[in-house]
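Trainee: Pasting a structure below so you can have a look.
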Amino acid sequence: VNRSRLGGVALFLALLAPPLLAQDTTVVEIRPTKAANDTTPGAPADVVQRVIAIYNDTGTTRLSGSFTLPVGARLVGRVAIFRGTLRVNGTLQGAVTVINGDLIIGPSGTVDGDAVVVGGRIDQRPGGLHLGKEETYDGLAPVFRQPSGLLAIRSRGPQLGNLASASKSFQTGRVTTTLSLGTGRTYNRVEGLPILFGPTFTSIGPSGVDAKFEFKGIFRPTSDPTKLRDAVGFIATAELEADSRRHWLGVGGRGYRRILPIEDQPLGLGEAGWSTFLLQRDYRDYYEARGLEGYLWVEPSRRFRVTLSLRSDNERSVPASDPVSVFRNQDAWRPNPLIDDGHYQTAQLAIAYDTKNDPLRPSSGWDISARVEQSQSHDASPVGLPIEVRPPIAPGSAYSFGKLWFDVRRYARFNPTVRAAARIVGGGWIGGDPLPIQRRVSLGGPDVLPGLGFRDLNCAPAGFSDPAATSLCDRALAVELEIRTHIGVGLPFRIHNEDLATIQRVLGIESADLVVMGNTGKAWLTGDGPGRVPNNRIPKFGEWDIDVGVGIDTGGLGLYAARAITRDEPIRLILRLQRRF
Amino acid sequence: MRRLGWILGSLVWLAPALAAQGGRVSVSMALNATAEGNGAKKPIVYLRGLLTDSRWNQALDNSLPIVINYHLEVWRSRDGWIDELTGEVEWQTVVSKEPLEDEYTVTLVIANRAERPRRFALRDSTEYFLTRPQRVDVFPTRAGRFYYTLTVRVTALSDADVAQLERFLAGDTDPDATDRGTLFGRGIRRLLLRIAGLPSEVLQAKTEEFEVREIRD
């Protein structure tokens with residue numbers, strides 16, 4: 001009877017135990033506003049050097065890996081251990097050094113020397129004795145064990161994203177000098193893959209003003225048979241920034257000879273580079289700017305910045321080269337359009353306001369950027385354009401114009417599952433003479449209005465043949481709306497076929513959003529005359545192009561189908577490497 | 582590009598037929614049973630199955646630390662209108678394995694500070710530690726209907742990222758400073774990581790809505 005009662009109690013306890021344990025042992029409190037109590041200060045460099053010297057000393061008993069000194073055992077002399085737990089249950093007579101490991105002094109253990117622990121902790125159990133001094137540093141020591149068994153400082157290798165770059169820094173007094181060599185981090189049909197190289201000097205000022213001087217040479221590996229552009233360019237920048245803790249004010253100047261895009265749409269720098277390199281489709285046009293610029297920026301908060309700049313440029317046409325592409329390498333590149341060459345003096349005011357809750361996958365907040373510029377030239381050589389686009393301008397005549405460009409994005413969540421995003425992007429001529437080629441705009445293509453072809457709205461008059469598909473419009477305005485919801489099924493699926501699994505890994509398919517989108521936009525010539533819209537008006541909505549589409553956004557990769565509903569166009573499939581906006 | 586698009590589309594839609602679901606990491610959320618003074622309830626986060634998922638096991642066995650990044654948002658529900666984001670918090674858990682020691686290390690990183698790493702000799706012990714519910718000390722103080730959303734990004738780090746992580750654990754509070762890069766640079770790294778077969782996963786969860794009362798003094 002007793003045995004059965006005991007069994008019943010045991011069974012009751014066994015049934016009760018999990019909930020009891022669950023109540024008092026399993027919940028972790030996360031207090032996001034407070035830093036952890038036991039933070040991990042890194043060991044100072046001199047301490048790391050000291051423990052390495054101790055470990056490497058021939059008078060030290062070196063241990064690598066975990067080691068237990070058993071009860072009753074005695075170890076005499078200096079001991080050092082690397083990457084392991086030293087458990088002392090016996091007696092250790094001498095100093096102890098532990099590198100990237102723990103020292104545990106058991107109930108029967110005694111350590112009668114000083115203990116230094118870097119990258120670990122000292123755990124003295126009840127009954128354990130430590131008679132010397134303690135010195136602990138939680139941060140891991142950046143050391144490694146050489147084939148000889150001795151330790152050395154580990155130098156950090158280059159990061160994977162910077163495999164194609166190298167840099168070396170050294171300090172002289174207050175000045176840090178960095179020599180770097182890397183790519184321009186994009187790919188285009190004018191320069192190919194530009195290589196940037198040169199020094200950067202930064203100085204932390206005594207009165208809270210930091211200074212930076214940077215010189216970057218730009219080597220363009222693709223040849224230019226026309227010799228219109230140089231094989232080498234440069235950007236030299238000098239800047240002063242106020243307040244070392246948080247830079248909120250900066251003033252600087254730069255000189256440059258560089259290739260710039262005419263429009264920074266339809267695709268961003270990264271996607272345009274990939275498209276050029278892989279598919280031989282460069283969605284941007286370029287010109288060369290040689291000049292000087294002075295600028296001042298103010299950042300009242302981390303989310304808001306205002307920049308004022310003045311620059312004087314010699315803007316020049318550059319031809320497309322013939323860089324290599326993975327696919328369609330035999331095809332000819334789309335010509336890079338001629339621009340209105342000349343010297344331009346430009347004043348520009350730019351603002352940026354960003355309250356997004358996530359830089360890559362926002363679901364709330366604003367992202368606003370806008371810039372307005374006033375520019376003039378006394379020696380511009382305007383390209384001859386169809387009269388419908390721009391009346392002839394005499395070369396060398398005084399020439400001035402103003403341009404505005406804005407991009408307003410709003411992200412919101414309707415309910416726990418449905419998110420929405422809206423974007424209004426546009427701008428163009430706001431005053432003065434007609435815009436030069438390098439300030440004109442267009443719409444259509446894979447980003448804004450994806451249901452239309454590349455630059456379907458570029459204001460080229462009927463019958464005007466232009467293989468470069470140059471942007472010729474004075475103004476453009478587009479509105480994009482997007483609703484997205486998370487797809488219930490999880491991705492990636494567990495694929496057992498090795499080939500398919502490899503494809504899935506390379507594509508990086510993660511969890512997916514279903515995206516429904518609608519876009520509308522119009523690009524037009526402004527002014528008086530046939531086919532133009534008066535300066536103080538925008539086109540009637542009935543004249544705007546509209547497209548709708550649906551897609552799957554898998555985090556790093558998006559596949560969309562879009563179709564124009566205001567014109568007879570086929571359904572277009574668009575592959576994106578990032579969110580649309 | 583269209584042909585490529587069709588291939589990709591087919592892959593996405595055919596994948597379920599080709600796939601067999603195995604043990605997968607998952608995340609869920611619940612509301613704390615005990616309400617605060619104003620009726621608000623703190624969120625509790627549950628992460629399950631990380632180390633029973635073979636992809637993450639393999640990553641650990643290959644000495645690649647796993648970073649679990651939790652991003653929790655507090656939303657105010659406004660029926661018929663856009664919900665309002667009223668707060669957000671973020672923390673990380675880093676899991677690594679020292680192959681020579683055959684030990685697991687778990688480090689909690691809160692407010693850009695790393696706690697003392699916890700070491701485990703057994704995978705089961707590590708899994709048990711990781712699956713403990715995490716009660717997040719955040720709740721709305723205004724009146725209204727609220728809910729929480731959670732995005733958990735689980736990634737295996739590259740060797741270079743390991744160096745970055747170690748730099749962070751060594752006290753550098755801004756380890757990303759030199760690696761923000763451009764989309765092109767990130768794209769290269771992403772592609773290489775994929776080719777290398779390193780897993781990455783984003784999980785999402787949300788709670789039910791709850792009412793918060795206004796407290797008057």
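As you go down the protein sequences, you meet chains R and W in turn. Using my numbering, you'd call the opening residue of the first sequence number 1 and step up by one each time. Using my numbering, you'd call the opening residue of the second sequence number 582 and step up by one each time. Ideal Cβ positions, reconstructed from N, Cα and C, are used throughout, including at glycine. On a predicted model such as this, the values are computed, not experimentally measured, just so you know.
Do you know whose CA, among R:Asn519, R:Ser471, R:Thr276, lies nearest isoleucine 483 (chain R)'s CA?
Mentor: That would be R:Asn519, whose Cα lies nearest to the Cα of isoleucine 483 (chain R).
Trainee: Check whether the Cβ of aspartate 755 (chain W) lies closer than 8 Å to any Cβ atom in chain R.
Mentor: Bear in mind that a pLDDT of 45 at aspartate 755 (chain W), under 50, signals an unreliable position, so the number given afterwards is only what the model happens to contain. No, its Cβ sits nowhere closer than 8 Å to a Cβ of chain R.
Trainee: What do you reckon, are the CB atoms on valine 448 (chain R) and glutamate 480 (chain R) nearer than 8 Å?
Mentor: It is a contact, given that the beta carbons lie within the stated cut-off.
Trainee: Got a sec, what are the start and stop residues for the beta strand (DSSP E) serine 180 (chain R) sits in?
Mentor: Serine 180 (chain R) -> beta strand (DSSP E) spans 175-183.
Trainee: Looking at C-alpha atoms only, which residue of R:Thr276, R:Gln171, R:Arg311, R:Thr222 is the closest neighbour of serine 325 (chain R)?
Mentor: It is R:Thr276.
Trainee: Taking only the alpha-carbon atoms, compute the straight-line gap between tryptophan 248 (chain R) and lysine 212 (chain R) and give it to the nearest angstrom.
Mentor: Approximately 15 Å between the Cα atoms of the pair.
Trainee: Contact between the region 220-240 of chain R and the region 187-207 of chain R is defined here as three or more beta-carbon pairs at a separation below 8 Å; is this criterion met?
Mentor: The region 220-240 of chain R is in contact with the region 187-207 of chain R.
Trainee: Give the secondary structure of glutamate 795 (chain W) by DSSP, where H, G and I count as helix, E and B as strand, and everything else as coil.
Mentor: Coil, per DSSP.
Trainee: Excluding sequence positions up to five away, which residues of its chain have a Cβ less than 7 Å from the Cβ of leucine 179 (chain R)?
Mentor: Within the same chain, leucine 179 (chain R) has close Cβ partners Ser167, Lys168, Pro199.
Trainee: Is valine 96 (chain R) helix, strand or coil when you go by DSSP?
Mentor: In this structure, valine 96 (chain R) counts as strand in the three-state DSSP scheme.
Trainee: Please compile the residues from chain W whose C-beta is within a distance smaller than 9 Å of the C-beta of arginine 413 (chain R).
Mentor: Ordered by position in chain W, the residues that pass the 9 Å Cβ test against arginine 413 (chain R) are Glu654, Trp656, Ile663, Asp664, Glu665, Leu666, Thr730.
Trainee: Expressed to the nearest angstrom, what Euclidean distance is found between the alpha-carbon atoms of glutamate 214 (chain R) and asparagine 314 (chain R)?
Mentor: So the two alpha carbons sit approximately 22 Å from each other.
Trainee: Kindly list the residues whose CB is nearer than 6 Å to the CB of glycine 402 (chain R), restricted to its own chain and excluding five residues on each side of it in sequence; keep chain order.
Mentor: These residues qualify, in order along the chain: Gln374, Ile430, Gly431, Gly432.
Trainee: At the 8 Å Cβ level, is valine 719 (chain W) part of the contact set with chain R, yes or no?
Mentor: It does: the Cβ of valine 719 (chain W) has a partner Cβ on chain R nearer than 8 Å.
Trainee: Does the Cβ-Cβ distance between arginine 605 (chain W) and aspartate 642 (chain W) come in under 8 Å?
Mentor: No, these two residues do not count as a Cβ contact at 8 Å.
Trainee: Does the separation of the CB atoms of alanine 380 (chain R) and glycine 342 (chain R) fall below 8 Å?
Mentor: Yes.
Trainee: Per DSSP, which residues does alanine 236 (chain R) bridge with? Please list them.
Mentor: DSSP lists R:Phe215, R:Gly255 as partners of alanine 236 (chain R).
Trainee: Please report the residue range of the beta strand (DSSP E) in which aspartate 583 (chain R) lies.
Mentor: Any answer about residue 583 (chain R) is impossible in this case: the structure gives chain R only from 1 up to 581.
Trainee: At a Cβ threshold of 8 Å, is glutamine 673 (chain W) touching chain R?
Mentor: It does not; no Cβ of chain R falls within 8 Å.
Trainee: When Cβ atoms are compared, which residues of the region 533-552 of chain R fall closer than 8 Å to chain W?
Mentor: Cβ contacts with chain W come from Ile552.
Trainee: Can you give me the C-alpha to C-alpha distance between valine 687 (chain W) and arginine 74 (chain R), rounded to a whole angstrom?
Mentor: Computed Cα separation, rounded: 33 Å.
Trainee: Give me the residue from R:Glu239, R:Leu151, R:Ala350, R:Val118 with the minimum Cα distance to threonine 60 (chain R).
Mentor: The shortest Cα separation from threonine 60 (chain R) among R:Glu239, R:Leu151, R:Ala350, R:Val118 belongs to R:Leu151.
Trainee: Just to make sure I have the definition right: I need the residues of chain W whose C-beta is within less than 8 Å of the C-beta of arginine 121 (chain R). Which are they?
Mentor: Per Cβ cutoff of 8 Å: Arg697.
Trainee: Since glutamine 639 (chain W) meets chain R, which of its residues come closer than 7 Å, beta carbon to beta carbon?
Mentor: Within 7 Å Cβ-Cβ: nothing; glutamine 639 (chain W) doesn't reach chain R, min ~12 Å.
Trainee: If we cut at 8 Å on Cβ distances, does valine 515 (chain R) have a partner in chain W?
Mentor: Judged by the 8 Å Cβ criterion, valine 515 (chain R) is not in contact with chain W.
Trainee: Counting only C-beta atoms, is proline 309 (chain R) closer than 8 Å to chain W at any point?
Mentor: Strictly speaking, residue 309 (chain R) in this sequence is serine, with proline absent from that position. Closer than 8 Å: no.
Trainee: Does DSSP put glutamate 789 (chain W) in a helix, in a strand, or in coil?
Mentor: Glutamate 789 (chain W) falls in the coil class under three-state DSSP.
Trainee: With a threshold of 16 other CB atoms inside 10 Å of the CB of arginine 475 (chain R), please say whether the residue is buried or exposed.
Mentor: When all chains shown are included, arginine 475 (chain R) counts as buried.
Trainee: Threonine 633 (chain W) lies in the beta strand (DSSP E); which residues open and close that run?
Mentor: Taken as a continuous stretch (DSSP letters only), threonine 633 (chain W) belongs to no beta strand (DSSP E), as it is neither H nor E.
Trainee: CB of leucine 279 (chain R) to nearest heavy atom of the ligand MG: below 7 Å?
Mentor: Absence of the ligand MG from the depicted structure is noted, as is the absence of any ligand whatsoever, leaving it without description.
Trainee: Just the C-alpha distance for glutamine 23 (chain R) and proline 714 (chain W), rounded to the nearest angstrom, thanks.
Mentor: Its pLDDT being 38, under 50, glutamine 23 (chain R) is placed unreliably by the model, and the measurement read from it follows with that caveat. Taking the straight line joining both Cα atoms gives about 10 Å.
Trainee: Ordered along the chain, which non-local residues of its own chain (more than five positions away) have a Cβ less than 6 Å from that of tryptophan 592 (chain R)?
Mentor: This structure gives no information on residue 592 (chain R), because the portion of chain R shown stretches from 1 to 581.
Trainee: According to the neighbour-count rule (16 or more other Cβ atoms, all chains shown, within 10 Å of its Cβ), is aspartate 705 (chain W) buried or exposed?
Mentor: Exposed: under 16 other Cβ atoms inside 10 Å.
Trainee: How big is the Cα-Cα spacing for glutamate 671 (chain W) and glutamate 299 (chain R)?
Mentor: Rounded to the nearest angstrom, the two C-alpha atoms are 25 Å apart.
Trainee: Here's the rule I'm using: 16 or more other beta-carbon atoms within 10 Å means buried, otherwise exposed. How should alanine 512 (chain R) be labelled?
Mentor: It is buried - the Cβ of alanine 512 (chain R) has at least 16 other Cβ atoms within 10 Å.
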